[in-house]
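Participant: Sharing a structure with you now.
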Amino acid sequence: MTRTFARWPGRARLPAPLAALFAGLLAGCAGGLVGPLLPVTNPATAATVTVFRDFSLPGFFVPMDLRIDDYWVFRLWLNQQYSFKLDPGEYLFDYTIGFNECRRLAYIKAGRNYYFRLRPNCVRFEGPP
8 MTRTFARWPG RARLPAPLAA LFAGLLAGCA GGLVGPLLPV TNPATAATVT
58 VFRDFSLPGF FVPMDLRIDD YWVFRLWLNQ QYSFKLDPGE YLFDYTIGFN
108 ECRRLAYIKA GRNYYFRLRP NCVRFEGPP
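Spelled out as structure tokens, the structure:
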């Protein structure tokens, strides 16, 4: 006699541990905004910052996690980009991909546009000084 995980005849039900595993994998694949953005005090003087992760073979299957001043903000997959506003000031951009952790101090000036290309190779962090 075989035992089935069926609630209704002819319909199979996924065992709970396997369903939890799939749910965890799907949640881990989510990208985009994962935490609150840093608050902007004066939108008129805020700078526009764009972060972009381009295609690269290293880290192809893993997301890149971006923190700004120790606030986890974005999870980026290949070819994703996000734009947001920041007040003028000094910010620490810290991103990890797999076992690599990269840090860059950025000086943001009022009303300017900044474009940061994040790459797995920390030496290749592109953006304004």
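Under this note's numbering, the first residue of the sequence shown carries the number 8, and numbering increases by one thereafter. All C-beta atoms, glycine included, are put in the ideal place defined by N, C-alpha and C.
Could you give the first and the last residue of the continuous beta strand (DSSP E) run that contains N120?
Facilitator: From DSSP, the beta strand (DSSP E) with N120 extends over N120 to L125.
Participant: Run the CB neighbour count on P46, radius 10 Å, all protein chains shown included, and call it buried at 16 or more, exposed below.
Facilitator: The residue is exposed, with fewer than 16 neighbouring Cβ atoms inside 10 Å.
Participant: What ranges does the beta strand (DSSP E) occupy inside the region 64 to 97, keeping only unbroken runs of at least 3 residues that lie completely in it?
Facilitator: If we require 3 residues or more, the beta strand (DSSP E) runs fully inside the region 64 to 97 come out as 71 to 75, 78 to 83 and 87 to 93.
Participant: Using only the alpha-carbon positions, how far apart do L40 and I104 sit?
Facilitator: The alpha-carbon atoms of L40 and I104 are separated by roughly 16 Å.
Participant: Taking C-alpha atoms, which residue in D61, Y89 and F123 lies nearest to Y98?
Facilitator: Considering only alpha carbons, the answer is F123.
Participant: To which residues of the same chain is C129 closer than 7 Å at the C-beta, ignoring the five residues directly before and after it?
Facilitator: Closer than 7 Å at Cβ, skipping near neighbours: N107 and C109.
Participant: For L125, count neighbouring C-beta atoms within 10 Å of its own C-beta (all shown protein chains included) and say buried if the count is 16 or more, exposed if not.
Facilitator: That one is buried.
Participant: For L28, is the classification buried or exposed, using 16 other Cβ atoms within 10 angstroms of its Cβ as the cut-off for buried?
Facilitator: Because the pLDDT of L28 is 43, which lies under 50, any placement of that residue in the model is unreliable, and the number read from its coordinates should be weighed accordingly. Counting Cβ neighbours within 10 Å, L28 comes out exposed, since fewer than 16 surround it.
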